[in-house]
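A.B. asks: In the UniProt record's numbering, the protein residues as written are 1 to 1130.
#1: Can you check whether the CB of residue 343 is closer than 8 Å to the CB of residue 234?
#2: Residue 562 lies in the beta strand (DSSP E); which residues open and close that run?
#3: Tell me, please, whether the segment 1039-1058 touches the segment 1074-1082 by the rule of three or more beta-carbon pairs shorter than 8 Å.
#4: Please determine, among 390, 893, 376 and 359, the residue with the shortest C-alpha to C-alpha distance to residue 444.
#5: Alpha carbon to alpha carbon, how far is residue 478 from residue 505?
#6: Quick check: the segment 97-108 against the segment 160-175, are at least 3 beta-carbon pairs closer than 8 Å?
#7: With three or more C-beta pairs closer than 8 Å as the rule, is the segment 629-646 touching the segment 602-615?
#8: Can you have a look at residue 564 and say buried or exposed, based on whether 16 or more other CB atoms are within 10 angstroms of its CB?
#9: For residue 75, collect the residues of the same chain with a Cβ closer than 6 Å to its Cβ; drop the 5 residues on either side in sequence, then sort them by chain order.
#10: To the nearest whole angstrom, what separates the beta carbons of residue 122 and residue 242, a pair I think is in contact under 8 Å?
#11: With residue 1085 as the anchor, note down where its alpha helix (DSSP H) starts and where it stops.
#12: Would you call the segment 544-564 in contact with the segment 352-369, where contact means no fewer than 3 C-beta pairs closer than 8 Å?
#13: How would you call residue 269, buried or exposed, if buried means at least 16 neighbouring beta carbons within 10 angstroms?
#14: I'd like the span of the alpha helix (DSSP H) that includes residue 743, first residue to last.
#15: Throw me the rounded Cβ distance for the residue 880 and residue 924 pair, which I believe falls under 8 Å.
#16: Pull up the distance between the alpha-carbon of residue 675 and that of residue 178, whole angstroms please.
#17: What are the partner residues of residue 189, as DSSP defines its beta bridges?
#18: Could you please give the first and the last residue of the uninterrupted alpha helix (DSSP H) stretch that includes residue 199?
#19: Any idea which residues DSSP pairs residue 53 with across the strands?
#20: Given 8 Å as the limit, is there contact between the segment 935-951 and the segment 976-983, that is, 3 or more CB pairs closer than that?
#21: Looking at the strands, I want to know which residues DSSP matches up with residue 617.
#22: How big is the Cα-Cα spacing for residue 335 and residue 236?
#23: Pop quiz: residue 673 and residue 473 are said to be a contact at Cβ under 8 Å. What is the actual Cβ separation, rounded to whole angstroms?
#24: Compute the distance between the beta-carbons of residue 284 and residue 240, then report whether it is under 8 Å.
#25: Answer with buried or exposed for residue 1075, where buried requires no fewer than 16 other C-beta atoms within 10 angstroms of its C-beta.
#26: Under a Cβ-count criterion, where at least 16 other Cβ atoms within 10 Å of its own Cβ denotes burial, should residue 542 be classed as buried or exposed?
#27: Starting from the Cα of residue 748, find the closest Cα among 1012, 375 and 447 and give me that residue.
#28: Going by the DSSP bridge assignment, what does residue 895 pair with across the sheet?
#29: Mind checking whether residue 199 and residue 889 have CB atoms under 8 Å apart?
#30: Closer than 7 Å to a non-hydrogen atom of the ligand FAD - does that hold for the CB of residue 784?
#31: Can you check which of these residues, 914, 1069, 134 and 661, is closest to residue 194 by C-alpha distance?
#32: Suppose you measure from the CA of residue 808 to the CA of residue 940; what does that come to, to the nearest Å?
#33: Residues bridged to residue 106 by DSSP?
#34: By the 10 Å Cβ neighbour count, where 16 or more other Cβ atoms means buried, how is residue 685 classified, buried or exposed?
#35: Which residues in the same chain as residue 341 place their Cβ atom closer than 7 Å to its Cβ, once the five residues preceding and following it in sequence are excluded?
#36: In three-state terms, what does DSSP make of residue 909?
Quick look at the structure:
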């Protein structure tokens, strides 16, 4: 589950564009007399009774209504759609897809964290978590998740500002059972009392995971700086403290200070361990937890209502059968007569929050400048999309753009513009730039350039071709929209169904643009003034000094000041304005959408090798199943000098970044028009990927290759790129601990890999001439591997291959130099541990990556056994370690395929120490051995057969097929039929095969097991906890000193073993007028030392038989490399 700030700090949203009747425009855009009438008219404008056909109730089903108009869908979409409304006003979109392997459903409730009670921040998020813990029909807390996972599926949910979205996917034969379990979330959830405390911990852990994340930190700071009492200011994630402080005050008012609710902070104490939870109270969280749950049930009953819900279901069943399923299962959801959730039309920002500059300190080393404005909620303007037009103009990266101007000045490395965040009723428009060091020194000039470009646009005529291009681009994007994963599709659709879009445009209203409304564009543009803007300048250091204060929930340090009147005047002056202009017409917009469609029967499962020479190998597959005018061209330029040392690796990366930097202005129009490219380093090679409409794709490829071959490198750009790489490397070590431990596990097992720090050590010794020389060396001798896939025939493919060789003009490398990556294999009977500290000193969490190697990648029966085992253990591992033991928010397990070897990996991020986590993982493996032993044969066969089908899932789109082909080509195995081979061997497996595999390769008692674990321990000292025994000793002191205490309530509060500092702070306040105050307070630390909390002192000890790794280089030198990859099939 996740809860997310809106659409992230620096996400570029490409122009999105939507033929609709003028009736919709008149009703949606007309001025209305009042906000309540406006909201009512908005929703009523979308409902025409003539568009609905009533279906009366029958013996089997309640009555419902069917929307009779056709739903507009992409030209290539072979699915059927039906929109219905149940008798309880819950609306559902049903999708019949006869070719899908996965069914899916999503229900979106137009209630999010903006609807939290003021005194219980995070309640909507807590509701989302606790909804998974059983229903009246299926009371077992993991019944839903277990059913979904064991039938080849997955489930999740997220809480946003204005909505909560629940979704799942499952094997196509199991939709009915999944829907039955899913529907219970909304008509009869248990909100299990026994899970209350655990899910409070889960919310708390999720918040702590994000506390060092600058995106979350800056998002909350922006929210905090809102009008007092405005819902936008709320703390959406919540934590244990925010969700229990007021309930504790209600349960025990005599034991809490009056300002407790106003002093909520993030908890620094770790979540309880399993043993502590068993010893320290009930799963319901005691009196405070029971009150939180009571408030949750009360809130759910006054907010969750059928008329506020939108459901999307996708399956292989006919539309009639899907209708029956949905009407049967979801008619039980209550309509509480609440009506649609009211829009929040009030601007969150008051006068004091505009015309200001906020200076905010970041955790990571980066510098950013963001200018934002409040604006109208944009979905009602879907016909014209004025914000999209302005986002296109302001976020453009081509010649004459703000991006090009500021980049050429050396002041920015990134710019985006568009709608970001907001709620149902209000939006924000943001222009975000990432600054260079020089840009930080010129931040005022950057602001002025942005403000002046806005003034220039206000004074300029806006050419209609901007609208026409956006319209054409969006229409082609929608026309040829390919399928994606079933669960992501239904989740995004259910979210959009609550927007004010006509039902027949449910699929396209957000994407397409119909009308050019210059007045609407200018109205929005004219609102973008200096006085109405908010500037946020973000950096780790180098900010001007001021009166620093801390934001309440994440502790962000910031201060603000008014924008100076002199800057306002300068911003409005165009006297010295030059270098920026409106984008020219886009010459990359494709015109030829012809598809050569030759039906050949069953689609080919592998590409053809067109030719092999001393210079290159060319693979090709003409699309034979998706029939869209698109293609993908992948080129790998191999040369061992790309990665032979850390210095060579760094030089390769800098060369690639300079190529991207030089191509930005040219390729931006191509990207807007639906053609994009990427270039990157991949071990001993440079990889270039170009994809999109094939009409002009080869032109893009040839231009990219020409720039690679003939790039002009300048010192100013080298300086900027070097600065960016230094920031990137330093920030890498401040990422989430689980990402770092996974990285190190991979580093230990790669034959040739260099850490970011090894590359960074070379950075200051790199010169412009070094990069030029290195680029020349790479291109002088290279071997090119090419995959050309999609709407391109073999003749054109060979022409592209010839053109590539001609442009590059390379000599061949020797066959021995065509290096393919290999993994290092662990020796039999090993138990290695590498320990290090989490680099971020303020990070609360530690991490464990626990890996066991099982054998060779090219062993089909072993590979199939690993895959099935990993599928079988995934849900039990999550349920035990995450849900029951509450080790941390991040718990994941999966098979791990390296370059030659395979194994199983489990990763846990937790406030507990890694050694403790390792013991809990091995304890879980003991439990799972019992699970395997007692599993009925029928249940095993059901899971096995479901997974075999999952392995044979159909490709959903052309990109997925190309990616699959390329993975087998670049690995060197060319094993294009691997999935079919895996499924064949999975079907042959027995339960005894899995047990033998587990006992031989996985279980810690196996004498032949090969295991490596990475321990990254938090440097942040865990606050000392005040144990139950210490509380009892203190109680005796209090009674002896005649301090009045209600003993039952005292023990209930003490059962949670609060931090020692919190105990001292509490009694300091409550004893300040007591004659024995000083003597009692002085004894509290002494009592804590005499009665330490259980489970803390032994956490750092490693299990027996572990061998510590002290020298990474020496360790890797002792390992044996896997066999060199060779093709599995010719």
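Virtual Cβ for every residue (Gly too), placed ideally from N, Cα, C. Predicted, not measured: the structure shown is a model, and the values here were computed from it.
C.D. replies: Reading off the structure:
#1: In this structure, the beta-carbon distance from residue 234 to residue 343 does not fall below 8 Å.
#2: If you look at residue 562, you'll find it in the beta strand (DSSP E) that goes 557-562.
#3: yes
#4: 359
#5: 12 Å
#6: yes
#7: No contact exists between the segment 602-615 and the segment 629-646.
#8: Flag for residue 564 reads exposed.
#9: Result list for residue 75: 479, in chain order.
#10: The beta-carbon distance between residue 122 and residue 242, rounded to whole angstroms, is 5 Å. This is short enough to meet the 8 Å contact definition.
#11: 1077-1090
#12: The segment 544-564 and the segment 352-369 touch, with no fewer than 3 CB-CB distances between them shorter than 8 Å.
#13: Any answer about residue 269 is weak, because its pLDDT of 46 lies below 50 and its placement is not dependable; what the coordinates show is given next. When all chains shown are included, residue 269 counts as buried.
#14: 737-748
#15: 5 Å
#16: In a straight line, the C-alpha of residue 675 is about 39 Å away from that of residue 178.
#17: 135
#18: First-last of the alpha helix (DSSP H) with residue 199: 196-210.
#19: According to DSSP, residue 53 bridges with 66.
#20: yes
#21: 612 and 785
#22: Approximately 26 Å, taken between the alpha carbons.
#23: Right, their Cβ atoms sit about 6 Å apart.
#24: no
#25: exposed
#26: exposed
#27: 1012
#28: BP columns for residue 895 point to 904.
#29: Not in contact: residue 199 and residue 889 (Cβ atoms no closer than 8 Å).
#30: Looking for the ligand FAD in the displayed structure turns up nothing, as the structure carries no ligands at all.
#31: 134
#32: 55 Å
#33: Bridge partners of residue 106: 167 and 312.
#34: buried
#35: 110, 111, 308 and 424
#36: strand
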